[in-house]
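What follows is a short report on a single structure.
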RNA sequence: GGUGUCGUAGCCAAGUGGUAAGGCAGAGGUCUGCAAAACCUCUAUGCGGCAGUUCAAAUCUGCCCGACACCU
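Numbering (this note's numbering), first residue to last: 755 to 1067.
Set out below in structure tokens:
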């Protein structure tokens, strides 16, 4: 049987130096980079998402970066499919795929080889459920879910409308319950020979101050102009309009809050987000933490990589 | 110096005699088709201080401290 493809993953919360580390590694390991970030995939969102610039790429090929129009719907399932294709392509050319990003759901799904339901979402089903929610509230829908799939229903809180709706949507559209889908989605083993590296600062305080500084830098780089474009297209940018870095500045554009307050809110949101990211990575299996933003990290990753390959032999 | 208003958690804030709402921040967590989303849990033996009235005080009384406003 063919060996599984090798895969290096660099993850961690925002502002920990994933981009520069990954480029350095790609150059040393003959690699190409695949973005694992739910917002950096979109066009026109570069400053606010801290997306790699062409200069920062230093000639290293990057995949799934800024390729999608912000008004296009996208999902984890789409991501996993495209990332798998990119990995296969890079591997076939004899290079090392390096997945880099901060979206826990995307990374976990890719690395564990989650098989999503074959059918894409039928928007009419979703809209119908949404209409029921708007008119009758969540409880009838939640009660229905408990009836159809008590096992899954009991694991989610009725206040989490999105999940209640999705579980019902899946059932109505495919006849399969979420519990069945969850059981069927997990492959017997991991699809790749993956090494996971997480970047983290010594303390929460340092992380937060790095985030604050980064936001100030973004403002200097012209975030406001970029955000205004997102603001003007907010109705069609379904996903992109909820990206941190833009929505917090909307009150400034509608003249309901000062720029200074908006920027403070933006920093706040980024800090909250970083905390949630850490929760994702903290429970990823065999992930190894390395210090964030440190020059020696590349050497450490190489060491870990070689040791892991040795142990697999 | 006088008069008045106010003082509840890191911040905002409800409560005017019956045993400290809520929001934000913070911490922890969940996650299978919008995930930078959404959601869950925890977080004041105590209401500026001290005395008093009362079965019972953040709530009433007195004094003190502090902030603000106006007056002299």
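Even for Gly, the Cβ is constructed at its ideal location relative to N, Cα and C.
Per DSSP, cross-strand counterpart(s) of residue i
{"i": "residue 765", "result": "952"}
{"i": "residue 796", "result": "822"}
{"i": "residue 987", "result": "DSSP lists no partner for residue 987."}
{"i": "residue 813", "result": "BP columns for residue 813 are empty, so no partner."}
{"i": "residue 1042", "result": "951"}
{"i": "residue 789", "result": "854"}
{"i": "residue 1002", "result": "None; residue 1002 has no bridge partner."}
{"i": "residue 760", "result": "947"}
Minimum C-alpha distance to residue i - residue among the options
{"i": "residue 1025", "options": "992, 1050, 967, 1008", "result": "967"}
{"i": "residue 818", "options": "801, 838, 802, 1054", "result": "838"}
{"i": "residue 1019", "options": "970, 910, 983", "result": "970"}
{"i": "residue 775", "options": "1061, 1062, 1065, 1045", "result": "1045"}
{"i": "residue 1136", "options": "994, 952, 907", "result": "Lying outside 755 to 1067, the shown extent of the chain, residue 1136 is not represented and no answer is given."}
{"i": "residue 848", "options": "1023, 759, 987, 814", "result": "759"}
{"i": "residue 1029", "options": "1011, 893, 857, 929", "result": "857"}
{"i": "residue 985", "options": "1000, 905, 1041, 918", "result": "1000"}
{"i": "residue 795", "options": "859, 935, 833", "result": "833"}
{"i": "residue 866", "options": "991, 1002, 761, 983", "result": "761"}
{"i": "residue 933", "options": "946, 905, 954, 927", "result": "905"}
{"i": "residue 872", "options": "1027, 935, 841, 1037", "result": "935"}
{"i": "residue 825", "options": "840, 988, 915", "result": "988"}
{"i": "residue 929", "options": "879, 946, 887", "result": "879"}
{"i": "residue 822", "options": "993, 1022, 1005", "result": "993"}
{"i": "residue 915", "options": "926, 893, 1054, 924", "result": "893"}
{"i": "residue 924", "options": "940, 903, 844", "result": "903"}
{"i": "residue 868", "options": "887, 911, 1056, 835", "result": "835"}
{"i": "residue 768", "options": "1027, 1064, 1055, 909", "result": "1027"}
Through-space distance from residue j to residue i, alpha-carbon basis
{"i": "residue 777", "j": "residue 810", "result": "8 Å"}
{"i": "residue 770", "j": "residue 1032", "result": "12 Å"}
{"i": "residue 1079", "j": "residue 781", "result": "Any property of residue 1079 remains undetermined from this structure, which presents the chain solely from 755 to 1067."}
{"i": "residue 921", "j": "residue 830", "result": "16 Å"}
{"i": "residue 877", "j": "residue 938", "result": "23 Å"}
{"i": "residue 827", "j": "residue 881", "result": "15 Å"}
{"i": "residue 1039", "j": "residue 942", "result": "15 Å"}
{"i": "residue 757", "j": "residue 900", "result": "43 Å"}
{"i": "residue 889", "j": "residue 895", "result": "11 Å"}
{"i": "residue 885", "j": "residue 913", "result": "16 Å"}
{"i": "residue 948", "j": "residue 1007", "result": "44 Å"}
{"i": "residue 870", "j": "residue 931", "result": "13 Å"}
{"i": "residue 974", "j": "residue 766", "result": "25 Å"}
{"i": "residue 785", "j": "residue 807", "result": "18 Å"}
{"i": "residue 846", "j": "residue 963", "result": "42 Å"}
{"i": "residue 958", "j": "residue 1035", "result": "15 Å"}
{"i": "residue 854", "j": "residue 816", "result": "10 Å"}
{"i": "residue 802", "j": "residue 772", "result": "16 Å"}
{"i": "residue 783", "j": "residue 797", "result": "28 Å"}
{"i": "residue 944", "j": "residue 851", "result": "16 Å"}
{"i": "residue 956", "j": "residue 1049", "result": "15 Å"}
{"i": "residue 918", "j": "residue 907", "result": "8 Å"}
{"i": "residue 805", "j": "residue 820", "result": "8 Å"}
{"i": "residue 764", "j": "residue 950", "result": "6 Å"}
{"i": "residue 954", "j": "residue 1061", "result": "21 Å"}
{"i": "residue 1015", "j": "residue 972", "result": "16 Å"}
{"i": "residue 1022", "j": "residue 1009", "result": "20 Å"}
{"i": "residue 755", "j": "residue 946", "result": "For residue 755, the predicted model reports a pLDDT of 43, less than 50, meaning its position is unreliable; a value from the coordinates is still stated below. Using only the alpha carbons, I get a separation of about 14 Å."}
{"i": "residue 787", "j": "residue 960", "result": "27 Å"}
{"i": "residue 779", "j": "residue 1043", "result": "16 Å"}
Heavy atom of the ligand SAH within 7 Å of residue i beta-carbon
{"i": "residue 915", "result": "Ligands displayed in this structure: none; no statement on the ligand SAH is therefore possible."}
Q | Those runs of the alpha helix (DSSP H) which lie wholly inside the stretch 855–924 and span at least 4 residues | A | 858–866, 877–890, 892–902, 904–907
Q. When the Cβ atoms of the stretch 975–988 are set against those of the stretch 784–795, are three or more pairs found closer than 8 Å?
A. no
Q) What residue ranges within the stretch 1004–1064 form continuous beta strand (DSSP E) runs of no fewer than 3 residues, ordered along the chain? A) 1041–1045
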